[in-house]
Structure formats: C-alpha cells, structure tokens
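Residue numbers (my numbering): 5 to 219. Quick reminder that beta carbons are idealized off the backbone N, C-alpha and C, glycines included. Below: the structure, in structure tokens.
The structure is reproduced here in structure tokens:
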C-alpha cells in the first residue's frame, strides 16, 4: 500500500466502528470472539497477534502479550518495549496488519466473512479518538483520517466477494524474522481451528467449558 492520504468520510455514508459491543464492533482488532490457533498457540484477538509481531526477537515479550486476556491490556503490555520494536516496523506494520486480518478471517470464516459482507458497499471506517492513521477522527458530522485499517478491511471484503476460496489459507509474509515464540511463522490454514473446535465439541460439556473459557 502506498503512503495513504487523509480522507474525509461523511458519517451517514459509512460503516463506522469504535466499541466492540456495537453492531459492527467485530471489525475491530480488539473484538473478542475471534480467536486464532497459530501453530498450536492460542491467540485471543487480532490485536494481540499484531502487537506480538513487533517483537520477533523477544519471545518473552510476545508470550506476555499473548497471555493477556484483555486485548487492550495486551496492547498496553507492549508499550514499555516499543523502542525495541523490530527495526523495520514502520515499513512492515501495514503488511503485518493485512496478514493479521487475513488470519482472523481464515480462523473465523463464517462469523467474520458474514460481518464483512454485511457492510455492503459502504466505506468501512474505524472511528478513533486519537489515531488518524489506522482510523479517522471525528470532525462535526464527518470522520477524517488515513483510515488504513478500514481500507484494509474494504480490500479484504472485495477479495472475499471475488475469490473467497483464495482466502482460506494464508501464506507467511516474505519479511525477515517473521517469528512467533522463536519459531518461523508458516502457512496458516483455516482447518487448524476448525479441527480444534470439532474436537472440543465432542468433549463432555464440563471439559469443553474449561478448555474454551479463555475465548
């Protein structure tokens, strides 16, 4: 993606999301209920996965981020280490975000694809109080910002309509040190999470609740 320019969005024309409990709150990286199983590691939210990707050289920090139940706390956990982010972070953060959204979709196919398609043809905008890079800030009856997250979601929506099967597997990014907990991140296949869900569904109710209570 080229360096994005600020855009002005009229609120009545867009699908905007801010709080995860709202109608389209599931579009947020902070939204619970979209867990990911990545090479045997459970990741609660796309936000935790994105933040962990800052620190491929610091698996202990990645683990600390991934262990947090709250996505906001996971984000805050990363703050003291921001000056130790991978040196190319500003260059790779948008491709990493795009990859995280792809994985979120592949891991939660029915739920997330349905939500994306329910946005219709309207622009998708993250309504943010502070961030006009990933989102857009309120300005009277409009939202103004680069809205990179919203634009990535719209791009994903269009591909979902055009070629959904191509989204069921996600290749690793061709960047140096693309690691999770010291191990190179490989291809992600939607069947990984579905297989776990099938196994858990076959367990006695009590055991299943214990296994899935973190989600």
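For the beta strand (DSSP E) that contains residue i, what are its first and last residues?
i           : result
residue 149 : 146-149
residue 238 : The shown model of the chain, from 5 to 219, leaves out residue 238, and the question about it has no answer.
Between residue i and residue j, which are expected to be in contact by the criterion C-beta below 8 Å, what is the C-beta distance as a whole number of angstroms?
i           : j           : result
residue 154 : residue 136 : Not quite, the Cβ-Cβ distance comes to about 11 Å (not below 8 Å), so this is no contact.
residue 184 : residue 61  : Rounded, the Cβ-Cβ distance is 12 Å, inconsistent with contact.
residue 33  : residue 20  : Their Cβ separation, rounded to whole angstroms, is 15 Å, which puts residue 33 and residue 20 out of contact at 8 Å.
residue 76  : residue 127 : Their Cβ separation, rounded to whole angstroms, is 26 Å, which puts residue 76 and residue 127 out of contact at 8 Å.
residue 117 : residue 164 : 6 Å
Got a sec, what are the start and stop residues for the alpha helix (DSSP H) residue i sits in?
i           : result
residue 46  : Here residue 46 belongs to no alpha helix (DSSP H); instead the beta strand (DSSP E) covers 45-47.
residue 118 : 113-122
Would you tell me roughly how many angstroms separate the C-alpha atoms of residue i and residue j, rounded to the nearest one?
i           : j           : result
residue 41  : residue 111 : 7 Å
residue 215 : residue 12  : Legend: pLDDT at residue 215 = 34, less than 50; position of this residue unreliable, no value from coordinates given.
residue 189 : residue 102 : 15 Å
residue 10  : residue 181 : 31 Å
residue 123 : residue 29  : 12 Å
residue 131 : residue 193 : 31 Å
residue 175 : residue 191 : 5 Å
Are the Cβ atoms of residue i and residue j separated by less than 8 Å?
i           : j           : result
residue 161 : residue 120 : yes
residue 48  : residue 73  : yes
residue 88  : residue 69  : no
residue 129 : residue 147 : yes
residue 78  : residue 52  : yes
residue 98  : residue 85  : no
residue 145 : residue 14  : yes
residue 237 : residue 179 : Summary: the structure shown does not reach residue 237, with the chain confined to residues 5 through 219, and so no result is reported for it.
What residues are listed by DSSP as bridge partners for residue i?
i           : result
residue 193 : 173
residue 61  : Residue 61 is not bridged to any residue.
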